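To start, the structure under review is shown below, and the notes come after it.
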Amino acid sequence: MSKSQKLFVVVDPNDTHHIALERAIIVSSLMQGTKPKVHAFVAVDGDAVDTRSINDNLFRDLTWFEQNIKSPLANAGIEYTLEVSWSSEWQKSIMESAKRFDADLIYLPVHAKTNTSRFSFSESKWELLKGAYCPVVLIRPGAKAQRKVILAAVNMQAQRDVQIELNKKIIEQAKFYADTYGADLHVINGYLDSMNYPDRGRLVALTGLPNEKIHVENGYTSDVVSALAEEINADLIVMGTLGQNGMTKTRRGNTAERLIAAVDTDVMVINHG
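For the sequence shown, my numbering gives the first residue as 3, with consecutive numbering after it.
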């Protein structure tokens with residue numbers, strides 16, 4: 003890599019394991035070439051965390067910062083900066099700081115709710131996904147940290163210009179990070195109606211991938227992507243979502259929500275505003 007990547011890593015002091023920071027450190031060792039620069043952003047998501055004074059995890063001293071953030075990054079030989087935010091506008095503070103840092107990626111730790119088998123998101127996290135100007139990588143507890151197989155999910159049946167551009171973004175980013183990690187890249191396109199079959203030729207032309215790395219599957223996107231991710235042992239799924247300008251009626255994208263809920267893998271979400 004000729005240019006050092008800038009990773010913006012969200013750290014929630016309420017967590018006991020800082021999975022996004024841990025993943026950034028592991029992934030930096032897998033990158034071919036220059037180590038990334040890391041900006042550790044310490045902030046509390048008020049939608050997901052008990053912010054009352056009875057929560058002991060919200061009281062953190064200098065030793066905590068030294069042990070949990072500074073030492074792990076320094077020991078990994080990673081150049082880093084550290085910022086603490088007191089803003090009640092959690093997602094906006096992340097977006098503003100990431101923009102100042104000129105981040106290439108935002109690493110966001112996410113957790114499944116314990117009272118349900120279905121993964122769910124707070125509204126503030128959806129606002130972040132819909133508004134972020136750079137890709138957001140959702141870091142999942144227990145997901146594989148290796149980056150040997152990347153799976154990109156596209157929708158070649160898309161007719162609108164904004165959706166066509168989003169497909170291009172997904173493929174570009176997936177190819178870039180496959181090169182960065184020396185990973186195998188697969189692309190999948192799900193479809194429901196055989197009368198609206200994806201153009202496999204366009205997929206080949208856009209990706210330059212061999213036929214066996216291109217998958218066109220009948221079924222809901224969330225189902226076919228999660229099944230293939232398990233089959234090929236994917237470490238990272240790259241997908242897209244339309245931002246506030248592209249999504250006119252609903253804040254959340256139903257396909258994006260179902261797909262994120264269906265997999266246990268780290269997911270890179272590329273927003274097209």
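Even for Gly, the Cβ is constructed at its ideal location relative to N, Cα and C.
Since we're looking at a predicted model, the values are computed, not measured.
(request) Reducing DSSP to helix, strand and coil, say where Lys146 ends up. (result) DSSP, read as helix, strand or coil, puts Lys146 in coil.
(request) Would you mind giving the Cβ-Cβ distance between Leu211 and Leu230, rounded to the nearest angstrom? I have them listed as a contact below 8 Å. (result) Rounded, the Cβ-Cβ distance is 14 Å, inconsistent with contact.
(request) Under 6 Å Cβ to Cβ from Lys215, same chain only, skipping five residues before and after it: list those, please. (result) Closer than 6 Å at Cβ, skipping near neighbours: His188.
(request) Go ahead and label Tyr199 buried or exposed: buried means 16 or more other beta carbons lie within 10 angstroms of its beta carbon, across all protein chains shown. (result) Tyr199 sits exposed, since fewer than 16 C-beta atoms from the chains shown fall within 10 Å of its C-beta.
(message) Spatial neighbours of Ala78 within its chain, please: C-beta separation below 6 Å, excluding the five flanking residues on both sides.
(response) Here the set comprises Ile27.
(message) Which residues does DSSP list as the beta-bridge partners of Gly184?
(response) Residue pairing for Gly184: DSSP places it in no beta bridge.
(message) I'd like to check one pair, Tyr109 with Val12: are the Cβ atoms closer than 9 Å?
(response) Contact: yes.
(message) Measuring only the C-alpha atoms, how far is Arg254 from Ser55?
(response) With a pLDDT of 49 at Arg254, under the threshold of 50, the predicted position of this residue should be treated as unreliable, and no value is reported.
(message) Determine whether the beta carbon atoms of Val40 and Leu9 lie at a separation below 9 Å.
(response) Taking 9 Å as the Cβ cut-off, Val40 and Leu9 qualify as a contacting pair.
(message) Could you compute how far the alpha carbon of Ala264 sits from the alpha carbon of Ile172?
(response) Using only the alpha carbons, I get a separation of about 19 Å.
(message) Measuring only the C-alpha atoms, how far is Leu32 from Met197?
(response) Looking at the backbone, the Cα of Leu32 and that of Met197 are separated by about 43 Å.
(message) Tell me which residues share the same chain as Thr116 and place their Cβ nearer than 8 Å to its Cβ, disregarding the 5 neighbours each side in the sequence.
(response) For Thr116, the predicted structure reports a pLDDT of 47, less than 50, and the residue's modelled location is therefore unreliable. A value from the coordinates is still provided. Here Thr116 has no same chain residue with a Cβ atom under 8 Å from its own Cβ, once five neighbours each way along the sequence are excluded.
(request) Along the beta strand (DSSP E) that carries Met158, what are the first and last residues, could you check? (result) That residue, Met158, is in no beta strand (DSSP E); it is neither H nor E in DSSP.
(message) Output needed for Tyr169: all residues of its chain with C-beta closer than 7 Å, excluding positions within five of it in sequence on either side, in chain order.
(response) According to the sequence provided, residue 169 is Asn. The question's Tyr does not apply to it. Val156, Asn157, Met158, Ala160.
(request) Starting from the C-beta of Ser30, find all residues in its chain whose C-beta is less than 8 Å away, skip the five residues before and the five after it, and write them out in chain order. (result) If you ignore the 5 residues before and after Ser30, its C-beta comes within less than 8 Å of the C-beta of Leu9, Lys37, Pro38, Val40, Ala78, Ile80, all in its own chain and listed in chain order.
(request) Taking only the alpha-carbon atoms, compute the straight-line gap between Thr243 and Ala258 and give it to the nearest angstrom. (result) Straight through space, the alpha carbons of Ala258 and Thr243 are spaced by roughly 6 Å.
(message) One question on the structure: do Gln148 and Asp237 come within less than 9 Å of each other, judged by their Cβ atoms?
(response) Against a cut-off of 9 Å, the Cβ pair of Asp237 and Gln148 comes out as a contact.
(request) List the whole-angstrom C-beta distance separating Leu23 from Ile96, where the pair is believed to meet the contact cut-off of C-beta under 8 Å. (result) Incorrect: roughly 15 Å between the Cβ atoms, too far for contact.
(request) Would you kindly report the start and end of the unbroken beta strand (DSSP E) that includes Ile141? (result) In this chain, the beta strand (DSSP E) harbouring Ile141 covers 138-141.
(request) Work out the CA separation of Asn57 and Lys177 for me, nearest whole Å. (result) Whole-angstrom Cα-Cα distance: 43 Å.
(request) Identify every run of the alpha helix (DSSP H) within the segment 188-218, keeping only runs that are complete inside it and at least 4 residues long; order them along the chain. (result) Qualifying alpha helix (DSSP H) stretches, in chain order: 202-209.
(message) Just list the residues that DSSP pairs Leu32 with in beta bridges.
(response) Beta bridge pairing from DSSP links Leu32 with no other residue.
(message) I'd like to check one pair, Ser224 with Leu261: are the Cβ atoms closer than 9 Å?
(response) Yes. Within cutoff.
(message) Quick check: the Cα distance between Cys136 and His113, rounded to an integer number of angstroms?
(response) Computed Cα separation, rounded: 21 Å.
(request) Within the same chain, show all residues whose beta-carbon is closer than 8 Å to that of Val46, passing over the 5 residues directly before and after it, in chain order. (result) Closer than 8 Å at Cβ, skipping near neighbours: Asp14, Pro15, Asn16, Thr53, Leu60, Trp92.
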